[in-house]
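Have a look at the structure below before the remarks.
Protein chains in written order, with our numbering: chain H, 465 to 598; chain V, 111 to 285.
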């Protein structure tokens, strides 16, 4: 699964996610990637989020929208909200994976709770980071 | 004026020790760098965030290294079924597509659904009909063929199991 989140000069946020699903899937199984609010979500008031991992758990936890809600209604920062969702809420139901998220100030968070994460980012200072978390 | 920023991801799953060669690692990083640079170039030239995420994803979808577009994994039936979604945080518009085949860049179809249709989510044959209506060209099956993906599928196709992008069993013959 691949995904991207961005903040432009106007402070507008966007998120996109694309996937080939899971190897050997059947019965028309769909994961979280294409589900708005589960695997993909963007709202200028809070953040833009793209998820990757075992989709069934991300759907049940409504992960992307949950991050946004924690920011909007509980006043958490992007870092706090993403950590809470990935390391506590998702993990509590056995969900493995991670997400990338960005807010309107250009802050980036990329938490995960499993191996095999391929990530790249360019922050507001222009610092480029490319990493494979094994 | 706000500051620009961009992040991308490609995959989740277990990478067992020894599976990632130095050569492979360079290829993955090169593709990630090309994708993040392409998206960032749009932002730098005053482009919008929607176009930036689409541009970055197109490059990842065109690579066989990641499980999306060209690199999509095999289903139990030996086919490829792709899903994609996009959302604009400025107006909360969204577009999504599921269970499509043969489309080179599913993210473009998701964007077209967001911008050109009255709907948010199209799936399966209906989504394919909509793609045809918009003039999308279908890639042949061999465009999506990848030997590594094929072997991943062979290893579990009779097991009833399914697995994430980069998962490899401990006793895998191709790990």
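Built from N, CA and C at the ideal position, the CB exists for glycine as well.
Starting from residue i, follow its DSSP beta bridges and name the residues at the other end.
{"i": "residue 116/V", "result": "470/H, 586/H"}
{"i": "residue 231/V", "result": "206/V"}
{"i": "residue 193/V", "result": "483/H"}
{"i": "residue 273/V", "result": "487/H"}
{"i": "residue 565/H", "result": "513/H, 573/H"}
{"i": "residue 505/H", "result": "513/H"}
{"i": "residue 494/H", "result": "None, per the DSSP bridge assignment."}
{"i": "residue 597/H", "result": "581/H"}
{"i": "residue 592/H", "result": "586/H"}
Near residue i, which residues of its chain fall below 8 Å by C-beta distance, leaving aside the five closest residues on each side in sequence?
{"i": "residue 570/H", "result": "471, 587, 588"}
{"i": "residue 162/V", "result": "116, 149, 150, 152, 153"}
{"i": "residue 243/V", "result": "none"}
{"i": "residue 226/V", "result": "244"}
What does a CB cutoff of less than 6 Å around residue i pick up in its chain, not counting 5 residues either side in sequence?
{"i": "residue 594/H", "result": "584"}
{"i": "residue 240/V", "result": "232"}
{"i": "residue 464/H", "result": "This structure leaves residue 464/H out entirely; chain H is present only between 465 and 598."}
{"i": "residue 282/V", "result": "Interpretation of residue 282/V is limited by its pLDDT of 39, a score under 50 that renders its predicted location unreliable; the figure taken from the coordinates is listed afterwards. For residue 282/V, where only same-chain residues beyond five positions count, there are no Cβ hits under 6 Å."}
{"i": "residue 266/V", "result": "none"}
{"i": "residue 555/H", "result": "577"}
{"i": "residue 280/V", "result": "Bear in mind that the predicted position of residue 280/V carries a pLDDT of just 40, short of 50, making it too unreliable to give a figure here."}
Using alpha carbons as the reference points, say which of the options lies closest to residue i.
{"i": "residue 272/V", "options": "510/H, 518/H, 507/H", "result": "518/H"}
{"i": "residue 146/V", "options": "266/V, 115/V, 227/V", "result": "115/V"}
{"i": "residue 513/H", "options": "473/H, 575/H, 520/H", "result": "575/H"}
{"i": "residue 178/V", "options": "529/H, 530/H, 497/H", "result": "497/H"}
{"i": "residue 204/V", "options": "236/V, 148/V, 224/V", "result": "224/V"}
{"i": "residue 262/V", "options": "483/H, 481/H, 489/H, 478/H", "result": "489/H"}
{"i": "residue 560/H", "options": "466/H, 542/H, 522/H, 529/H", "result": "522/H"}
{"i": "residue 526/H", "options": "547/H, 509/H, 537/H, 504/H", "result": "504/H"}
{"i": "residue 174/V", "options": "164/V, 140/V, 156/V, 157/V", "result": "140/V"}
{"i": "residue 206/V", "options": "465/H, 466/H, 481/H", "result": "481/H"}
{"i": "residue 298/V", "options": "250/V, 274/V, 112/V", "result": "No answer is possible for residue 298/V: the residues shown for chain V start at 111 and end at 285."}
{"i": "residue 474/H", "options": "157/V, 259/V, 234/V", "result": "157/V"}
{"i": "residue 155/V", "options": "260/V, 113/V, 234/V", "result": "113/V"}
{"i": "residue 494/H", "options": "590/H, 520/H, 572/H", "result": "520/H"}
{"i": "residue 259/V", "options": "132/V, 133/V, 268/V, 274/V", "result": "274/V"}
{"i": "residue 235/V", "options": "132/V, 192/V, 264/V, 131/V", "result": "192/V"}
{"i": "residue 142/V", "options": "466/H, 502/H, 539/H", "result": "466/H"}
If you measure between the beta carbons of residue i and residue j, is that distance less than 7 Å?
{"i": "residue 120/V", "j": "residue 597/H", "result": "no"}
{"i": "residue 213/V", "j": "residue 468/H", "result": "no"}
{"i": "residue 237/V", "j": "residue 500/H", "result": "no"}
{"i": "residue 159/V", "j": "residue 476/H", "result": "yes"}
{"i": "residue 248/V", "j": "residue 492/H", "result": "no"}
{"i": "residue 567/H", "j": "residue 515/H", "result": "no"}
{"i": "residue 549/H", "j": "residue 562/H", "result": "no"}
{"i": "residue 542/H", "j": "residue 565/H", "result": "yes"}
{"i": "residue 136/V", "j": "residue 221/V", "result": "no"}
If you drop the 5 nearest sequence neighbours on each side, which residues of the same chain put their C-beta closer than 7 Å to that of residue i?
{"i": "residue 246/V", "result": "213, 219"}
{"i": "residue 545/H", "result": "531, 534, 535"}
{"i": "residue 176/V", "result": "120, 121, 170"}
{"i": "residue 524/H", "result": "557"}
{"i": "residue 144/V", "result": "169"}
{"i": "residue 180/V", "result": "171, 172, 173, 174, 253, 254"}
{"i": "residue 553/H", "result": "525, 530"}
{"i": "residue 573/H", "result": "542, 543, 546, 565"}
{"i": "residue 138/V", "result": "175"}
{"i": "residue 229/V", "result": "223"}
Can you pull the chain B neighbours of residue i, defined as C-beta to C-beta under 7 Å?
{"i": "residue 477/H", "result": "As a matter of chain content, chain B is missing from the structure shown, whose protein chains are H and V."}
Are there any heavy atoms of the ligand COA lying less than 6 Å away from the beta-carbon of residue i, as far as the coordinates show?
{"i": "residue 172/V", "result": "Absence of the ligand COA is noted for the structure shown, with no ligands found whatsoever."}
Given 8 Å as the limit, is there contact between the segment 157 to 172 of chain V and the segment 211 to 219 of chain V, that is, 3 or more CB pairs closer than that? Touching, yes.
On the three-pair Cβ rule with 8 Å, is the segment 196 to 205 of chain V touching the segment 239 to 259 of chain V? No: the two stretches stay apart, fewer than three of their Cβ pairs being nearer than 8 Å.
Is the segment 178 to 194 of chain V touching the segment 474 to 492 of chain H, taking contact as three or more C-beta pairs under 8 Å? Touching, yes, given that three or more Cβ pairs across the two stretches are closer than 8 Å.
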